[in-house]
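Q: 2 is the number of the first residue of the sequence shown in the numbering used here; add one for each residue after it.
Here a beta-carbon is modelled for each residue, glycine too, at the ideal position from N, C-alpha and C.
As the structure is a computational prediction, the values presented were derived from the model and not from experiment.
Here it is, the structure, as structure tokens.
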Amino acid sequence: MDQPFFKRPFVVLWIAQSVSALGGTFTTFTVSWLMYQLTDSLVAMSGVWIAFMIPKLLTNLVAGPYLDRFQYKVVMVASEWIRAVAFFVPTVLLVGDMLTAPVLIMAAVLTGIAEPLFRPAGMAYVAHILPEKHLQRGNSILEGTMQIVMLIGPALGGGLIVLVGPLPLLVFIVIALTVSGFLLLMLDRVHRAKTNDRASWLTMFKEGMSFYKVYPVLFSVGLLMMMINFSSGAALPMFLPYVLEHLHGTEFQYGLFMSVYSLGMVLGSFLCGLYPPPKNLRRVMLGYLTVSSFLMMALGFITSIWIAIGIATMQGFFAMAFTINNTTFYQRRVPEHLRGRVFTVRALLAQSAIPLGAGVGGLLAEAYRFQVLFLILGGLMLVSTLLAWRMNVFYQLNHQPVGSEETTQGA
Numbered sequence: 002m003d004q005p006f007f008k009r010p011f012v013v014l015w016i017a018q019s020v021s022a023l024g025g026t027f028t029t030f031t032v033s034w035l036m037y038q039l040t041d042s043l044v045a046m047s048g049v050w051i052a053f054m055i056p057k058l059l060t061n062l063v064a065g066p067y068l069d070r071f072q073y074k075v076v077m078v079a080s081e082w083i084r085a086v087a088f089f090v091p092t093v094l095l096v097g098d099m100l101t102a103p104v105l106i107m108a109a110v111l112t113g114i115a116e117p118l119f120r121p122a123g124m125a126y127v128a129h130i131l132p133e134k135h136l137q138r139g140n141s142i143l144e145g146t147m148q149i150v151m152l153i154g155p156a157l158g159g160g161l162i163v164l165v166g167p168l169p170l171l172v173f174i175v176i177a178l179t180v181s182g183f184l185l186l187m188l189d190r191v192h193r194a195k196t197n198d199r200a201s202w203l204t205m206f207k208e209g210m211s212f213y214k215v216y217p218v219l220f221s222v223g224l225l226m227m228m229i230n231f232s233s234g235a236a237l238p239m240f241l242p243y244v245l246e247h248l249h250g251t252e253f254q255y256g257l258f259m260s261v262y263s264l265g266m267v268l269g270s271f272l273c274g275l276y277p278p279p280k281n282l283r284r285v286m287l288g289y290l291t292v293s294s295f296l297m298m299a300l301g302f303i304t305s306i307w308i309a310i311g312i313a314t315m316q317g318f319f320a321m322a323f324t325i326n327n328t329t330f331y332q333r334r335v336p337e338h339l340r341g342r343v344f345t346v347r348a349l350l351a352q353s354a355i356p357l358g359a360g361v362g363g364l365l366a367e368a369y370r371f372q373v374l375f376l377i378l379g380g381l382m383l384v385s386t387l388l389a390w391r392m393n394v395f396y397q398l399n400h401q402p403v404g405s406e407e408t409t410q411g412a
């Protein structure tokens with residue numbers, strides 16, 4: 002393995018993200034399960050995700066453009082510790098048998114405020130500490146390891162809830178996020194050229210947006226991801242009742258269902274790490290989304306938990322392969338001083354439709370149940386991707402960045 006992956010900054014970030022990923026996996030599982038037990042309502046399940054996603058979008062919008070003014074490690078530490086505090090209160094209330102749905106909603110809101118700060122800062126930090134030629138493999142190592150941890154988390158969480166209840170999971174979440182923050186304090190500071198830039202929020206946000214004029218395909222991919230994530234946002238809150246009601250599974254099987262999605266993501270990251278970036282990126286990325294559309298629709302037809310588990314594995318594979326290629330495409334084209342702002346705009350574009358999807362998904366599932374829900378969501382994904390296949394702007398995915406090693410070598 003190349004030397005940059007053995008240096009302290011990368012190793013510390015790798016470990017901290019892994020610990021955080023396990024805590025985050027337990028968070029998603031535990032909050033969903035607790036809300037379902039407290040309310041037995043599909044709309045309430047969607048409400049938790051809406052309470053998480055709207056603050057997340059607002060944080061991206063308001064705080065994101067200022068990200069490049071701060072040390073990335075400070076931003077990541079703050080993100081972890083705010084989330085730890087958010088779940089400390091539900092843990093205490095659960096001990097006293099006083100936990101209510103509004104408390105879970107508030108925990109989701111605080112998590113939504115803090116979580117979106119972590120990933121843009123982490124991506125910007127990785128792009129700073131690794132040479133360009135190592136970015137693809139570095140992203141694969143980080144994403145792959147996080148998905149391995151997430152592979153263990155849902156199944157382990159389901160087993161723990163069945164055996165000992167949700168309290169141990171909440172305790173672990175608080176400890177994991179706290180420890181991750183302390184690990185991130187060990188990261189080296191990023192030394193950047195000092196500037197007297199005191200631009201307003203609007204100016205900085207426009208700088209992030211203006212970069213999309215240089216690469217119009219980035220904006221088009223962002224719009225495509227809005228449509229894809231609308232469907233994903235509608236599906237995610239419904240997976241727990243889908244497994245328990247439609248497939249007649251157990252909490253452990255729901256955890257297994259979510260775990261194999263991560264298994265597919267591990268396989269996708271492993272494959273991306275083995276091979277160089279594809280030359281025909283348009284065909285690969287849009288191909289991944291096309292297959293994912295049919296897989297989403299297939300969930301509406303099946304009644305076997307084991308077939309659903311197989312489909313979830315494939316969904317995870319194609320989702321991660323798309324994500325890594327998309328992230329690397331950004332990192333190779335965005336200048337260092339704009340990375341935080343551009344990645345924040347990217348996250349805003351990609352995630353803005355998720356809360357709307359979550360609300361629509363809960364209403365559709367409540368009214369028409371799960372078969373109609375997944376047929377509509379998969380159909381929307383397919384139509385959006387087919388339109389992208391016909392748009393000339395997506396051919397820019399195959400263009401090499403000016404001054405890149407591939408361009409220099411005539412690849």
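Looking only at its chain, what residues have a beta carbon closer than 6 Å to the beta carbon of P356, apart from the 5 residues adjacent to it on each side?
A: Here the question's residue 356 lines up with position 355 in the sequence shown. Correct list, in chain order: I51, M54 and I55.
Q: Could you pull out every residue in the same chain whose Cβ sits closer than 7 Å to the Cβ of V78, ignoring the five residues on either side in sequence?
A: As a first step, residue 78 is located in the sequence shown; it is residue number 77 there, counting from the start. Its chain contains G182, L185 and L186 as the residues whose beta carbon lies nearer than 7 Å to that of V78, once the 5 sequence neighbours on both sides are disregarded; these appear in chain order.
Q: If you run the structure through DSSP and keep just helix, strand and coil, what is H129?
A: Counted from its first residue, the sequence shown places residue 129 at position 128. Of the three classes helix, strand and coil, the one that applies to H129 here is helix, per DSSP.
Q: Does the separation of the CB atoms of L23 and L188 fall below 8 Å?
A: Along the sequence shown, one-based indexing puts residue 23 at 22. Along the sequence shown, one-based indexing puts residue 188 at 187. Cβ atoms of L23 and L188: not closer than 8 Å.
Q: Where does A359 sit, in a helix, a strand or coil, going by DSSP?
A: Numbered from its first residue, the sequence shown carries residue 359 at position 358. If DSSP states are grouped into helix, strand and coil, A359 belongs with the helices.
Q: At a cut of 8 Å, does the region 287–296 reach the region 159–170 through at least three beta carbon pairs?
A: no
Q: Which of the three DSSP states is assigned to S353 in this structure?
A: Taking the first residue of the sequence shown as position 1, residue 353 is located at position 352. Coil.
Q: For T328, which option in V96, Q372 and G223 has the closest C-alpha, if you only look at C-alpha atoms?
A: If you number the sequence shown from 1, residue 328 lands on position 327. The candidate whose alpha carbon is nearest that of T328 is G223.
Q: What separation, rounded to the nearest whole angstrom, lies between the Cα atoms of V93 and A108?
A: Position 92 of the sequence shown, counting from 1, holds the residue named residue 93. Position 107 of the sequence shown, counting from 1, holds the residue named residue 108. In a straight line, the C-alpha of V93 is about 13 Å away from that of A108.
Q: How is the alpha helix (DSSP H) around Q332 delimited, first residue to last?
A: Along the sequence shown, read from residue 1 onward, the residue named residue 332 stands at position 331. Note, Q332: alpha helix (DSSP H), I306 to Q332.
Q: So A313 and Y262 are in contact, right, with Cβ under 8 Å, and what is the actual spacing, rounded?
A: Stepping through the sequence shown from its first residue, residue 313 is reached at position 312. Stepping through the sequence shown from its first residue, residue 262 is reached at position 261. Confirmed, Cβ separation roughly 4 Å.
Q: Have a look at Y73 and Q332 and give me their C-alpha separation to the nearest angstrom.
A: If you number the sequence shown from 1, residue 73 lands on position 72. If you number the sequence shown from 1, residue 332 lands on position 331. Rounded to the nearest angstrom, the gap between the Cα atoms of Y73 and Q332 is 16 Å.
Q: Can you give, in chain order, each stretch of the beta strand (DSSP E) that sits fully within the region 242–289 and has at least 3 residues?
A: none
Q: Could you check the C-alpha separation between Q137 and M266 for me, to the nearest Å?
A: Numbered from its first residue, the sequence shown carries residue 137 at position 136. Numbered from its first residue, the sequence shown carries residue 266 at position 265. Spanning the two alpha carbons is a distance of roughly 15 Å.
Q: In the DSSP assignment, the alpha helix (DSSP H) including P169 goes from what residue to what residue?
A: Taking the sequence shown and counting its residues from 1, one reaches residue 169 at position 168. Per DSSP, P169 belongs to the alpha helix (DSSP H) from L168 to L185.
Q: Helix, strand or coil, according to DSSP, for S42 in the structure here?
A: Looking up residue 42 in the sequence shown gives position 41. Three-state DSSP puts S42 in coil, outside helix and strand.
Q: Are the Cβ atoms of G250 and F319 separated by less than 8 Å?
A: For the purposes of this step, residue 250 is taken as residue 249 along the sequence shown, with counting starting at 1. For the purposes of this step, residue 319 is taken as residue 318 along the sequence shown, with counting starting at 1. No. Outside cutoff.
Q: How is G97 classed by DSSP in three states: helix, strand or coil?
A: As a position in the sequence shown, residue 97 is number 96, starting the count at 1. Three-state DSSP puts G97 in coil, outside helix and strand.
Q: Is V175 close to chain D? Criterion is C-beta to C-beta, closer than 8 Å.
A: Of the protein chains in the structure, only one exists, and it is not chain D.
Q: Express the C-alpha separation of L35 and I176 in angstroms, rounding to a whole number.
A: As a working note, residue 176 is residue 175 in the sequence shown. As a working note, residue 35 is residue 34 in the sequence shown. Each residue's Cα considered, the two are about 19 Å apart.
Q: Who are the near neighbours of V165 in its chain, counting only those whose CB is closer than 8 Å to its CB and skipping five residues on each side?
A: Within the sequence shown, residue 165 is the residue found at index 164, counting from 1. Correct list: empty, nothing qualifies.
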